[in-house]
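Asks:
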């Protein structure tokens, strides 16, 4: 993809969306497996299917709807991705993170990303929420490879505080006030789609990871490149391979996120007005 | 992934089925560096060079013949891959694992994978065999990336027991029996295979890193095939021939010729154990 095309694509997508909504969204939300429920709480929602947005790819995985919802949550203007793009679906990494570019172009200053993740840290329990303190990019991909577009961000963006300390503090306070147990840890992002082997999970524990998943890191790298503040959460939907003597299944992931969604929802709703 | 991947598999399967007896195959073997001689034990073999099969890539590396040998092996209907496709040759992961899906659709339910690997575990010696207990996929890629075809397997396949526990137990028993019979124990190790893209052998620091990450042996094949095999619901036995020591702190220069030389030395025992496994599995 030529440079100018990237910029044009971002602008055309943003311009299309701007034509359908009122005002500027300030908070972006990217919701993972089974957590699309938050979209139901958006007031005066404008719903735009990805397939109608110029240059937007279309989500293929079960449980990911594939639409943008723009509106108000707790008095704040939000733009919410219901369904995201994953590397394992075969999208190039710059496509996976394209919506973040569009959000930035629309005026988004803060991004909340959520995902379902496998617990590597053995003190975690299925159903725990984990505030993402930091990540390890283990996808072997980086969305910023290629000529840098200075209009979008710096050549060598800093990642020393990929997940905003300030926003994490807000999240902790809200969680405490709601009596929600909140873990805090390192998310390791993998390519997928096969689940990890027990040996890989031990390796990732050695590397310092607390939870493992197949999303988020590309989006966050682009968000930081674009100067967006990030808050990230993982729902620990299963214990990672080898911790319990049982196979992993997508059904278990979906069941857990379904079970925990109310708690999760309440937390996000509590946080949004404070961002 | 090309939309017609599934169609290509079917066409390759159909093409092979037209050339072999109607009896469904049971066991697939993918033989690594220097171990291709096992195919000589196949009775009434039908030999099919990969180049003749529709949609098949062609193997390029020295020591890999590049053909299927199909027939009876130790009383079982077997399909032997003499030569495999490696990621470092420039094939996509989809191409590397294409034969695995073909074997599955030809009826195979057990897949035996062998390879030559460098030993990172200090208890190992060149010439040892290592049962693969588990793997680390450090290739930076995955054969299942792309649209999932549910007729091939699930979107998110489990890898909690990628290498069948019962196959490993059987192989251990066979090795113990063989050792007793000849009065000298088989040096059979068990460990974690770290699969890398290659093709360069690793510098010492990378080997030290892999050892710290839990790898016992390192090689440039197998993990993609295993992931596809598990996706397809095959049970997998993996055995590495430790052809050289790959300990970062004590690394010596290595050539492919050395690898083949040690693999050749270990071959008779290796082949005997695999044949016995095929008989009993």
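Chains as they are written, first to last, in this note's numbering: chain A, 1 to 275; chain B, 276 to 556.
Glycine included, C-beta positions come from ideal geometry on N, C-alpha and C.
Report the three-state DSSP secondary structure of residue 1 of chain A (helix, strand or coil).
Replies: No answer about residue 1 of chain A holds up, because its pLDDT of 47 lies below 50 and its placement is not dependable.
Asks: Identify whether residue 518 of chain B lies in helix, strand or coil by the three-state DSSP scheme.
Replies: It is a strand residue.
Asks: Can at least three beta-carbon pairs, one atom from the segment 221 to 238 of chain A and one from the segment 105 to 121 of chain A, be found at a separation below 8 Å?
Replies: Touching, yes, given that three or more Cβ pairs across the two stretches are closer than 8 Å.
Asks: Going by beta-carbon coordinates alone, are residue 216 of chain A and residue 189 of chain A separated by less than 7 Å?
Replies: Yes, they are a contact pair.
Asks: For residue 389 of chain B, count neighbouring Cβ atoms within 10 angstroms of its own Cβ and tell me buried if that reaches 16, exposed if not.
Replies: Buried, since its Cβ has 16 or more Cβ neighbours within 10 Å.
Asks: Using the DSSP secondary-structure output, state which residues sit across from residue 254 of chain A in a beta bridge.
Replies: Bridge partners of residue 254 of chain A: none, in fact.
Asks: Consider the C-beta atom of residue 389 of chain B and the heavy atoms of the ligand NAP; say whether any pair is separated by less than 6 Å.
Replies: The ligand NAP is absent from the structure shown, which contains no ligand whatsoever.
Asks: Please check if any C-beta of chain B sits within less than 7 Å of the C-beta of residue 1 of chain A.
Replies: Low local confidence applies: a pLDDT of 47 at residue 1 of chain A is under 50, so the model's placement there is unreliable, and no value is given.
Asks: Determine, for residue 424 of chain B, whether the minimum Cβ-Cβ distance to residues of chain A falls below 7 Å.
Replies: Not an interface residue.
Asks: Taking only the alpha-carbon atoms, compute the straight-line gap between residue 552 of chain B and residue 433 of chain B and give it to the nearest angstrom.
Replies: Cα-Cα distance, rounded: 25 Å.
Asks: Can you find a C-beta in chain B that's less than 7 Å from the C-beta of residue 50 of chain A?
Replies: Answer no: the Cβ-Cβ gap between residue 50 of chain A and chain B never drops below 7 Å.
Asks: Answer yes if the segment 151 to 163 of chain A comes into contact with the segment 215 to 230 of chain A, meaning at least three C-beta pairs across the two stretches below 8 Å, and no otherwise.
Replies: Touching, yes.
Asks: Output, in chain order, the set of chain B residues within a Cβ distance shorter than 8 Å of residue 196 of chain A.
Replies: Under the 8 Å cutoff, chain B gives 434.
Asks: Return no unless some Cβ of chain A is closer than 7 Å to the Cβ of residue 486 of chain B.
Replies: No, its Cβ sits nowhere closer than 7 Å to a Cβ of chain A.
Asks: Between residue 465 of chain B and residue 315 of chain B, what straight-line distance do the alpha-carbon atoms span, to the nearest angstrom?
Replies: Roughly 27 Å between the two C-alpha positions.
Asks: Classify residue 276 of chain B as helix, strand or coil using the three-state DSSP reduction.
Replies: A caution first: residue 276 of chain B carries a pLDDT of 46, below 50, which makes its placement in the model unreliable, though a value can still be read off. Residue 276 of chain B: coil per DSSP, three-state reduction.
Asks: Exposed or buried, which one is residue 284 of chain B when buried takes at least 16 other CB atoms within 10 Å?
Replies: Residue 284 of chain B is buried by the Cβ-count criterion.
Asks: Taking Cβ to Cβ, would you say residue 499 of chain B is nearer than 7 Å to residue 372 of chain B?
Replies: Their beta carbons are under 7 Å apart, which means residue 499 of chain B touches residue 372 of chain B by this criterion.
Asks: Quick check: residue 113 of chain A and residue 232 of chain A, are their CB atoms within less than 7 Å of each other?
Replies: Cβ distance < 7 Å, so residue 113 of chain A and residue 232 of chain A count as in contact.
Asks: Am I right that residue 166 of chain A and residue 218 of chain A are in contact with their C-beta atoms under 8 Å? What's the rounded C-beta distance?
Replies: Rounded, the Cβ-Cβ distance is 23 Å, inconsistent with contact.
Asks: Which residue's Cα is closest to the Cα of residue 392 of chain B: B:375, B:530 and B:516?
Replies: Checking every option, the nearest Cα to that of residue 392 of chain B belongs to B:516.
Asks: If you check the beta carbons only, do residue 471 of chain B and residue 418 of chain B fall under 7 Å apart?
Replies: No, the Cβ-Cβ distance between residue 471 of chain B and residue 418 of chain B is not below 7 Å.
Asks: Tell whether a beta-carbon distance below 7 Å holds between residue 187 of chain A and residue 230 of chain A.
Replies: Contact: no.
Asks: Taking the alpha helix (DSSP H) that residue 109 of chain A belongs to, which residues open and close that run?
Replies: No alpha helix (DSSP H) holds residue 109 of chain A; DSSP gives it neither H nor E.
Asks: Where does the unbroken beta strand (DSSP E) through residue 398 of chain B begin, and where does it stop?
Replies: First-last for residue 398 of chain B: undefined, no H or E at that position.
Asks: Please go through the same chain and pick out, in chain order, the residues whose beta-carbon is closer than 7 Å to the beta-carbon of residue 71 of chain A, but skip the five residues on each side of it.
Replies: These residues qualify, in order along the chain: 42, 43, 44, 45, 46 and 78.
Asks: Check each residue of the segment 76 to 88 of chain A: if its Cβ is closer than 8 Å to any Cβ of chain B, include it; give the result in chain order.
Replies: For the segment 76 to 88 of chain A, which is checked against every Cβ of chain B, the residues closer than 8 Å are 87 and 88.
Asks: Between residue 241 of chain A and residue 435 of chain B, how many whole angstroms is the CB-CB distance? I'm expecting something under 8 Å.
Replies: Their Cβ separation, rounded to whole angstroms, is 5 Å, which keeps residue 241 of chain A and residue 435 of chain B in contact under 8 Å.
Asks: Spell out whether any CB of chain A is found under 7 Å from the CB atom of residue 410 of chain B.
Replies: By this cut-off, residue 410 of chain B is an interface position.
Asks: Quick check on this structure: which residue in A:161, A:206 and A:57 has the alpha carbon closest to the alpha carbon of residue 487 of chain B?
Replies: Here the closest residue by C-alpha is A:206.
Asks: Would residue 181 of chain A be called buried (16 or more neighbouring beta carbons within 10 Å of its own) or exposed?
Replies: When all chains shown are included, residue 181 of chain A counts as exposed.
Asks: Taking a contact to mean a Cβ-Cβ separation below 7 Å, would you say residue 318 of chain B touches residue 346 of chain B in this structure?
Replies: Closer than 7 Å, so yes.
Asks: Closer than 8 Å is the cut-off here; do at least three beta carbon pairs connect the segment 74 to 88 of chain A with the segment 25 to 32 of chain A?
Replies: Taking 8 Å as the limit for Cβ pairs, the verdict is that the segment 25 to 32 of chain A does touch the segment 74 to 88 of chain A.
Asks: Does any C-beta atom of chain B lie closer than 7 Å to the C-beta of residue 143 of chain A?
Replies: No - not a single Cβ of chain B is within 7 Å of the one on residue 143 of chain A.
Asks: Alpha carbon to alpha carbon, what distance is there between residue 110 of chain A and residue 11 of chain A?
Replies: Approximately 19 Å, taken between the alpha carbons.
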